[in-house]
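Engineer:
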Amino acid sequence: MEANIKDRIKKLLALGRSPNPNEANYAILKAKKLMVEYKFTERDLLRYDEKPIKVDSNIYYTTRREHWMTGLADVISENNCCVFYMITPP
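Under this note's numbering, the residues of the sequence shown are numbered 49 to 138, in order.
1. Under 8 Å, with one C-beta from each stretch per pair, do the segment 114-123 and the segment 74-93 reach the 3-pair mark?
2. Between Leu93 and Ile57, which are expected to be in contact by the criterion C-beta below 8 Å, what is the C-beta distance as a whole number of angstroms?
3. Excluding the 5 residues flanking Val131 on each side, which residues of the same chain have their C-beta closer than 7 Å to its C-beta?
4. Within 10 angstroms of its Cβ, does Lys54 collect 16 or more other Cβ (buried), or is it exposed?
5. Between the beta-carbon of Ala75 and the beta-carbon of Gly64, is there less than 9 Å?
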């Protein structure tokens, strides 16, 4: 159901770029009304199309780990909607 509503809103927003001003205004107003009704933000609609991307990167360090690296990785992952984790070598 939620996916159907998001698809409908996205189609209405696309129709909002119509050269016909009346049709474009109606489509945008209808899309905004649905967004308010179902409590969607523009960010929710953008995130809907995104697919997860997995990137593995290795950072090697000595046994005395630099604590700033952990803090930096945490901030970067939090601000980019991803997860970072550490694996200690055996």
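We put the CB at the ideal spot given by N, CA and C, even for glycine.
What you are looking at is a predicted structure, and each value in this text was computed from that prediction instead of being measured.
Structural biologist: Checking against the coordinates, here is how it stands:
1. no
2. Between Leu93 and Ile57 the beta-carbon gap is near 6 Å, inside 8 Å, which marks them as a contact.
3. Ser125
4. Its Cβ being crowded by 16 or more others within 10 Å, Lys54 is buried.
5. yes
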